[in-house]
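Contents: one structure, followed by commentary.
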Amino acid sequence: MFLENIIDNSSLIISYYYSVNLTILMNFASILHKKRNKNICIANYGKIKWEFYPYEIDFPIRCDENSALLIFEAESEKEIPDKKFSLITSYKNLKIDAIKIKIDKTSNNLYKAIVKDNVISLFKINEGKIIEERLDNTYTEILNIINDLGGTCDLKDLLNISSKKLNTTKEEIKEKLLFLKEINKIEIDKNKVTKITQ
Numbered sequence: 004m005f006l007e008n009i010i011d012n013s014s015l016i017i018s019y020y021y022s023v024n025l026t027i028l029m030n031f032a033s034i035l036h037k038k039r040n041k042n043i044c045i046a047n048y049g050k051i052k053w054e055f056y057p058y059e060i061d062f063p064i065r066c067d068e069n070s071a072l073l074i075f076e077a078e079s080e081k082e083i084p085d086k087k088f089s090l091i092t093s094y095k096n097l098k099i100d101a102i103k104i105k106i107d108k109t110s111n112n113l114y115k116a117i118v119k120d121n122v123i124s125l126f127k128i129n130e131g132k133i134i135e136e137r138l139d140n141t142y143t144e145i146l147n148i149i150n151d152l153g154g155t156c157d158l159k160d161l162l163n164i165s166s167k168k169l170n171t172t173k174e175e176i177k178e179k180l181l182f183l184k185e186i187n188k189i190e191i192d193k194n195k196v197t198k199i200t201q
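Heads up, the sequence shown is in our numbering, so the first residue is 4 and it goes up one at a time.
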């Protein structure tokens, strides 16, 4: 999970979605407590609307010199103390030294986490938990077909080959291609499809 990969760094989650930010904060705090045995200090605790997270928390909230500092819904750099922080959520791209992770919604309850224009995770939220999504086999097969065609191919050829090989309609393939474009796996330009190597 992408949250586990950032627990040893200072990170900024940039998202307009309040409930997503709150869920990320709570999941991150839980992981940090379990993996690093840290107490959790949440700055801007008063901004938490518990009706958006009606679940039990499994970590102690205590602010002392040994606590990991998490800042919820920071609105400016002034809200960030000099002390080292673990995670900040904000709807703004704050000017701070941190790994910046932008959260975008791709469809109903499906989000992507983006670092420097690369999608690092697709996830859903279910009962207060971040659940990472994997691309199903159809998406992987389409990417393999593009590879087999040299990494760049004609859109019409790709639709014909994919619909026959995957036994599905061209319209469904188009929808899957748009999703692959949305998550930065392919580029579509003037009826040419190119796989993005990451």
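For glycine and all other residues, C-beta sits at the position ideal for the given N, C-alpha and C.
Treat the numbers as computed from the prediction; the structure is a model and nothing was measured.
Cα-Cα separation, residue i to residue j
i, j, result
"N194", "M29", "43 Å"
"S13", "F88", "6 Å"
"V196", "N8", "31 Å"
"H36", "T26", "15 Å"
"K108", "K179", "16 Å"
"K86", "N69", "11 Å"
"R137", "N129", "15 Å"
"S124", "T141", "18 Å"
"S166", "A101", "44 Å"
"G153", "I60", "49 Å"
Per DSSP, cross-strand counterpart(s) of residue i
i, result
"S110", "L113"
"A1", "One cannot answer for residue 1 here, as it falls past the ends of the chain, which runs 4 to 201."
"L28", "For L28, which the question treats as bridged, DSSP gives no partner whatsoever."
"N187", "In DSSP, N187 forms no bridge with anything."
"D192", "K195"
"S22", "Bridge partners of S22: none, in fact."
"I133", "I128"
"T92", "I16"
"C156", "V196"
"N121", "V118"
"I102", "S14"
"I176", "None, per the DSSP bridge assignment."
"I64", "I43"
Buried versus exposed call for residue i [16 or more other C-beta atoms within 10 Å across all chains shown]
i, result
"Y114", "buried"
"E80", "exposed"
"C66", "exposed"
"I148", "buried"
"E190", "exposed"
"I134", "exposed"
"L181", "exposed"
"S110", "exposed"
"F55", "exposed"
"K41", "buried"
Integer-rounded CB distance, given that residue j should sit under 8 Å from residue i
i, j, result
"F31", "L6", "5 Å"
"I43", "P63", "7 Å"
"V122", "I186", "5 Å"
"I117", "K105", "5 Å"
"E76", "K50", "5 Å"
"E78", "K103", "Actually they do not touch by this definition, with Cβ atoms about 16 Å apart."
"K198", "L146", "6 Å"
"G131", "Y48", "Rounded, the Cβ-Cβ distance is 17 Å, inconsistent with contact."
beta-carbon residue i near the ligand FMN non-hydrogen atom, thresh 7 Å
i, result
"I199", "Ligands displayed in this structure: none; no statement on the ligand FMN is therefore possible."
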